[in-house]
Amino acid sequence: MATLTPAPASSGAMTDGDVRHVVHQRPTRPWTRVPFYLVLFVLSVAFFAPILWMISTSFKTAGDATALPPQWIPPEFSTDGYTVLFSDPQAPVLRWLANSVLVGVAHTVLVLLTASLAAYSLARMTFPGKNVAFGLIVSTMFVPGFVFLMPNYLIVDAFDWLDTMWALVIPGAASAFGVFFLRQFFLSIPGELEEAAVLDGANRWQIFWRVVLPLSTAPLATLAVLSFLASWNDFLWPLYVLFNPESLTLPAGLATLRSAYGTDFPAIMAGAVLASIPVLLIYAFAQRYIIAGVSRSGLKG
Amino acid sequence: MTASTQVGTQAANGTAPTSARRRSADGGTRVRAGNASAPYLFLAPFMIIFGVFVLVPAVYGIWMSLHNWDFFLPERPWVGLGNYLELFDPTSLTAVQFWESMRATGLFVLFSVPFLVVIPLGLALMLNRVFPGRTFFRAVYFAPYVLGVAVIGVLWQNLLNANVGLINYYLGRLGVTEIIPWLTATPWVWVTLVGVTVWWTLGFNAVVYLAGLQGIDTTLYEAARVDGASRWHEFWHVTLPGLRPVLLFVVTITILASANMFGQSYLLTGGAPSNETRTAIMYIAQTGFEQFRMGRAAAMSYILCLLLIGISALNFLLFRRQEKN
Chain A
1 MATLTPAPAS SGAMTDGDVR HVVHQRPTRP WTRVPFYLVL FVLSVAFFAP
51 ILWMISTSFK TAGDATALPP QWIPPEFSTD GYTVLFSDPQ APVLRWLANS
101 VLVGVAHTVL VLLTASLAAY SLARMTFPGK NVAFGLIVST MFVPGFVFLM
151 PNYLIVDAFD WLDTMWALVI PGAASAFGVF FLRQFFLSIP GELEEAAVLD
201 GANRWQIFWR VVLPLSTAPL ATLAVLSFLA SWNDFLWPLY VLFNPESLTL
251 PAGLATLRSA YGTDFPAIMA GAVLASIPVL LIYAFAQRYI IAGVSRSGLK
301 G
Chain B
1 MTASTQVGTQ AANGTAPTSA RRRSADGGTR VRAGNASAPY LFLAPFMIIF
51 GVFVLVPAVY GIWMSLHNWD FFLPERPWVG LGNYLELFDP TSLTAVQFWE
101 SMRATGLFVL FSVPFLVVIP LGLALMLNRV FPGRTFFRAV YFAPYVLGVA
151 VIGVLWQNLL NANVGLINYY LGRLGVTEII PWLTATPWVW VTLVGVTVWW
201 TLGFNAVVYL AGLQGIDTTL YEAARVDGAS RWHEFWHVTL PGLRPVLLFV
251 VTITILASAN MFGQSYLLTG GAPSNETRTA IMYIAQTGFE QFRMGRAAAM
301 SYILCLLLIG ISALNFLLFR RQEKN
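If you read the sequences in order, they're chains A and B. Sequence positions in the first sequence follow UniProt numbering and run 1 to 301. Sequence positions in the second sequence follow UniProt numbering and run 1 to 325.
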């Protein structure tokens, strides 16, 4: 498959500059476009309406939230949901938000650093044991994560990391996908660049830091966005390794809100909106990286 | 193999790289900067974390599964294959509950995978056409996926609430007089879990298909057109064969993702009615983290894992067999 090797440095063209490649387009008459657009439109309403409902409900009073017929625009604009949420000492949402940001950023930085270093050595250096290391890393990409749940709980406990951010930041930082993904890109960098750097007296670290990484901003950004999203949305692991209300992340916190607030939908939806804002913002800005990352990771098979 | 021996063998085989470009193709072996320990130093930070949290647990988990490993007991006696045998003992409550949860996972895979393979393909075919607003529609369909299961769970719990939920209200307007118990009774719980999952993750598969569609050689379509092929023929004889590797990937990864289902059940149905939608992962997590029977839970994960490996291998073989025909 030709697309296995990521496009070189300026890979912005990966996502949407591909219009010109679709030359097999049949000529369509304007009227055949009407049902086509209709289907697209109906589908996008179905996809987006629930998200709009979530935002709308978070600004309702508790009464309006359950009123029938459903009110898409809050009859009485209210921030009660947010007030309830922010003032409940049992649900320190701002703390959860801070925890999630901290974990997401630390996790992402660690993934980028460890994966790019490892990928560089696996892509551009020759050493005994290289194939074994690469084989081990790639093969674990196919082992389902739940296999590691019980043993990792005990290992994290042995480090005394239960109920701390370390439990969320460190164990998931060994990203086999990240190594594989960056290695594919590093392989495509011309060797002349490295040779020129060596002639200028650069050592391996300088080549990596000054030549390879600056050329790799697009794949690094893709990996950063994917890692942050994965960390932000992680649900099962935080649910079980964090206990104290103070140390929860937003997704784990939402699960407790759900049982604590029952049908106080404005408060729960306010929590959901809070957990969605960062990812929706990142998505709006980094959409092409996310979609390129997903389609590239999809093509590895 | 060290750098020098590799260059040596290449020279002996008469394949010595002639240009710098050729050399760089096998990893820039000629670049000699730093000492022999450099590759290991670069690899070390990753390998330490990888070793401690991936390689060690893979083995440690097997060790745990061979013991009666209760988190709170000081003694963890060796039980050999006891934990595994218990899961195949029809008189044990654990076995009954475990296989009930495996049944839930199996049903979910069976119900969800066909939708998650076919609908995104249709969507990708639509979105692969050139039309104004294509990027916008792609973005919209993918958006729910970035939200994460915790948000999806609480959102749909609201929408599907039997009494005050939006869905039942609009169904009522359409003439459905019955109040549908989306979160509490079969078969509705299954419709809910599958429907919400399709809504949530459909964009992911669609994007993978889109990338695959763009990899198909366009001259094949031109040739088909010259031969007077209809749209349907084009799809059947050019698009589908061209998508075969992508299709295999989508089917495999969707089965694995569906077999991993946890959050939707945990948040939406809570396993209701009477544990019918309690999935394998949910039961494993409860056994390990709530009852602290971690040896038992580890044994369950390995059985599920073996089953999934088997299914993936079968899937792979089926695709290859088809290719030969």
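We treat Cβ as the ideally placed atom computed from N, Cα and C, and that holds for glycine. Everything numeric in this text was worked out from a predicted model, so none of it was measured.
Inside the region 139-187 of chain A only - alpha helix (DSSP H) runs reaching at least 4 residues
149-158, 166-169, 176-187
With a 10 Å radius around its C-beta and 16 neighbouring C-beta atoms as the bar for buried, classify leucine 93 of chain B as buried or exposed.
exposed
Please report the Cβ distance between isoleucine 111 of chain A and serine 216 of chain A, rounded to the nearest whole angstrom; I am assuming they are in contact, meaning their Cβ atoms lie under 8 Å.
For clarity, residue 111 of chain A is valine in the given sequence; the question names isoleucine instead. Valine 111 of chain A to serine 216 of chain A, Cβ: 14 Å. No contact.
In chain B, which residues lie with their C-beta within 7 Å of the C-beta of glutamine 71 of chain A?
By Cβ distance, chain B contributes nothing, its closest Cβ being about 10 Å from glutamine 71 of chain A, past 7 Å.
Determine, for threonine 140 of chain A, whether the minimum Cβ-Cβ distance to residues of chain B falls below 8 Å.
yes
State the beta-bridge partners of arginine 134 of chain B as determined by DSSP.
Beta-bridge pairing links arginine 134 of chain B to no other residue.
Taking only beta-carbon positions, decide if tryptophan 53 of chain A is within less than 8 Å of chain E.
Looking at the structure shown, chain E is missing, and the protein chains on hand are A and B.
Do you know how far the Cα of alanine 285 of chain B is from the Cα of serine 139 of chain A?
24 Å
Between the alpha carbons of phenylalanine 86 of chain A and alanine 275 of chain A, how many angstroms are there, rounded?
13 Å
Please identify the residue among A:Val101, A:Leu242, A:Phe186, A:Arg258 whose C-alpha is closest to the C-alpha of valine 212 of chain A.
A:Phe186
Can you tell me which of B:Leu147, B:Ala36, B:Gly61 puts its alpha carbon nearest to the alpha carbon of methionine 125 of chain A?
B:Ala36
DSSP state of arginine 76 of chain B mapped onto helix, strand, coil:
Assignment of arginine 76 of chain B by DSSP, reduced to helix, strand and coil, places it in the coil class.
Just to confirm, is the Cβ distance from phenylalanine 181 of chain A to leucine 229 of chain A under 8 Å?
no
Note down, in chain order, each residue of its chain lying with its Cβ closer than 8 Å to the Cβ of alanine 284 of chain A, except the 5 sequence neighbours on either side.
none
Just to confirm the assignment, what range does the alpha helix (DSSP H) spanning aspartate 217 of chain B have?
First-last for aspartate 217 of chain B: undefined, no H or E at that position.
DSSP three-state label for arginine 244 of chain B, please.
helix
Looking only at its own chain, which residues have a Cβ that is under 8 Å from the Cβ of leucine 159 of chain B, when we skip the five neighbours before and after it?
Gly165, Leu166, Ile167
Decide if serine 295 of chain A is buried, meaning its Cβ has at least 16 other Cβ atoms within 10 Å, or exposed.
Buried, because 16 or more other Cβ atoms sit within 10 Å of the Cβ of serine 295 of chain A.
Shorter than 8 Å from the beta carbon of residue 338 of chain B to some beta carbon of chain A?
Nothing in the structure corresponds to residue 338 of chain B, since chain B is present only between 1 and 325.
Quick check on aspartate 64 of chain A: does DSSP put it in helix, strand or coil?
Note: aspartate 64 of chain A maps to helix in three-state DSSP.
Inspect the beta-carbon positions of alanine 115 of chain A and valine 179 of chain A and report whether they are closer than 8 Å.
Here alanine 115 of chain A is near valine 179 of chain A, since their CB atoms are less than 8 Å apart.
Output, in sequence order along the chain, the residues in the region 38-52 of chain A whose CB is closer than 8 Å to any CB in chain B.
Val39, Leu40, Leu43, Ser44, Ala46, Phe47, Phe48, Pro50, Ile51
Please list, in chain order, all residues of the same chain as leucine 248 of chain B whose beta carbon is under 6 Å from its beta carbon, the five residues on each side excluded.
Phe319
Within 8 Å (strictly less), CB to CB, does alanine 118 of chain A reach chain B?
yes
Candidates B:Ile253, B:Gly271, B:Met282, of which the one nearest isoleucine 309 of chain B by Cα
B:Ile253
Using the C-alpha atoms, what's the distance from proline 144 of chain A back to arginine 225 of chain B?
Near 44 Å, if we compare the C-alpha coordinates of proline 144 of chain A and arginine 225 of chain B.
I need the boundaries of the alpha helix (DSSP H) containing arginine 321 of chain B, first residue and last residue.
294-324
My assumption, with CB atoms under 8 Å, is that arginine 296 of chain B sits in contact with asparagine 83 of chain B. Please give the rounded CB distance.
With a contact defined as Cβ atoms closer than 8 Å, arginine 296 of chain B and asparagine 83 of chain B qualify at about 5 Å.
Measure the Cβ-Cβ separation of alanine 267 of chain A and leucine 254 of chain A and say whether it is below 8 Å.
no
With distances taken Cα to Cα, identify the nearest neighbour of aspartate 196 of chain B among B:Ser112, B:Leu210, B:Phe71.
Just to set this straight, residue 196 of chain B is valine in the shown sequence, not aspartate. The shortest C-alpha separation from valine 196 of chain B is found at B:Ser112.
Neighbour flag for phenylalanine 180 of chain A against chain B, beta carbons, 8 Å:
no
So, phenylalanine 42 of chain B versus serine 121 of chain A, is the Cβ gap smaller than 8 Å?
yes
Exposed unless 16 or more other CB atoms sit within 10 angstroms - verdict on threonine 177 of chain B
exposed
Along the chain, where does the alpha helix (DSSP H) containing valine 211 of chain A start, and where does it finish?
Neither: valine 211 of chain A is in no alpha helix (DSSP H) and is coded neither H nor E.
Under the DSSP definition of a beta bridge, which residues are partnered with histidine 67 of chain B?
B:Trp78
Compute the Euclidean distance between the alpha carbons of aspartate 264 of chain A and alanine 62 of chain A, then round it to the nearest angstrom.
6 Å
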